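Let me begin by presenting the structure, written as structure tokens, before commenting on it.
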Amino acid sequence: MPNVALDTIMPDTVTCSGYCSACGHVHVLRAGEALAPAYELIGRLREKGRIDLDVPEAEVDPRFSVDYLNGPARGQMFGVLAYRDAQGLAGVLKAFSCQYNASWLVPGWVPPVVDVEAFASVHDPVERRIKALGREIDALPQDDSGRLALKQERKTLAQRNMKELHALYQLRNFRGLTSPMSEAFLGAGGLPTGTGDCCAPKLLQYAALHGLTPTGLVEFYWGRENSSGTRIQGEFYPACAERCAPILGFMLCGLDEDDRSSCDSHVTTDKR
């Protein structure tokens, strides 16, 4: 799906999709019942000016003001998933992409796919070393031969750490199967930075882990327009083609009964 704003969005609009290698099908999820609560969320963001919407006014955290989205960081994507639980009761989940102002966790929003503490234990020490290398590089004259070696060390360290971080992501689908993200990813080349951190994967992961059946999913952009002009506040967008589509085939698999019967005849247990 193209990463452009949806000209029109209706309940039957496909908002996320992906090819499933286990069954050979393209699985899709439409806007469905998520559209109305998404418009409600937009209204609340505009009215409250913050994303910690589910806490009392006395407990509001200034880090979660939407002013953050209008500064140098620019805006980001938000997602809404409508669901039915095991008793058939309707509910709504919401997610923001990646981190919000350096925070993975905000009250009322689904958590990331990755365990936050595990991520920090792998990421933070290496990040400190990378920054230290940057300072060493900056301290050397431009013509110093040592700069090249330090830059290469920094690059190698960052690449190795990215692989270690990606290994922490374990995706769940609606057949109850779990896969390392690196195996579920069907895109060309390596996993792009940020894979697994967008709204759709966060929402689908939470739903699959908690026995919830999605009945719709939508994503919209909020905040300052991005530098390329491809994201505009209040516009709806499909799940991204680079990071999301290559894993959504696995994550959506089993959502429909037809998916389950088809995939059960194709899957190999050692893959997942």
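Each residue of the sequence shown is one higher than the one before, counting from 15 in our numbering. Glycine is no exception: its CB is placed at the ideal position from the N, C-alpha and C atoms. Quick caveat: nothing in here was measured; it's all calculated off a predicted structure.
Around the beta carbon of H224, fewer than 16 other beta carbons sit within 10 angstroms, so the residue counts as exposed. Taking C-beta separations shorter than 7 Å and ignoring five residues to either side along the sequence, the partners of E167 in its chain run L147, following chain order. For Y82, the secondary structure class from DSSP, reduced to helix, strand or coil, is helix. For C34, the enclosing beta strand (DSSP E) stretches over residues V28 to C34.
Here F264 carries a helix assignment [DSSP, helix/strand/coil]. Between P215 and M265, the CB-CB gap stays under 8 Å. Check the Cα spacing between R60 and each of S79, C254 and R257: the tightest is with S79. DSSP places Y97 within a strand segment (E or B) once states are collapsed to three. Within the stretch 150-201, the complete alpha helix (DSSP H) segments at least 4 residues long are 160-180 and 195-198, listed from N- to C-terminus. Following the DSSP letters along the chain, one finds G57 inside the alpha helix (DSSP H) bounded by residues L49 to K62. The bridge partners DSSP lists for Y220 come to none. DSSP places P228 in the uninterrupted beta strand (DSSP E) bounded by T227 to W236.
The beta carbons of M195 and G210 sit closer together than 8 Å. The beta-bridge partner set that DSSP reports for M24 is empty. According to the DSSP secondary-structure assignment, V106 is paired through a beta bridge with A96. Excluding its 5 nearest sequence neighbours in each direction, A104 has C-beta neighbours in its own chain below 8 Å: E47, A96, Y97, R98 and T229, listed in chain order. Contact between the stretch 178-186 and the stretch 136-145 is established, with three or more Cβ pairs separated by less than 8 Å. The residue from D75, L226, G32 and Q156 with its alpha-carbon nearest to that of Q101 is L226. Counting the other Cβ atoms within 10 Å of the Cβ of G32 gives 16 or more, which makes it buried. For L43, the enclosing beta strand (DSSP E) covers residues H39 to R44. A direct Cα-Cα distance of roughly 28 Å separates W123 from L200. Using a Cβ-Cβ distance cut-off of 8 Å, the stretch 52-71 and the stretch 79-88 are in contact, since at least three pairs of beta carbons, one from each stretch, lie closer than that value.
One alpha carbon belongs to R149, the other to I246, and they sit about 36 Å apart.
In the three-state reduction of the DSSP assignment, S135 falls in the helix class. Inclusion of E233 and F92 in the CB contact set at 8 Å is warranted, their separation being smaller than that value.
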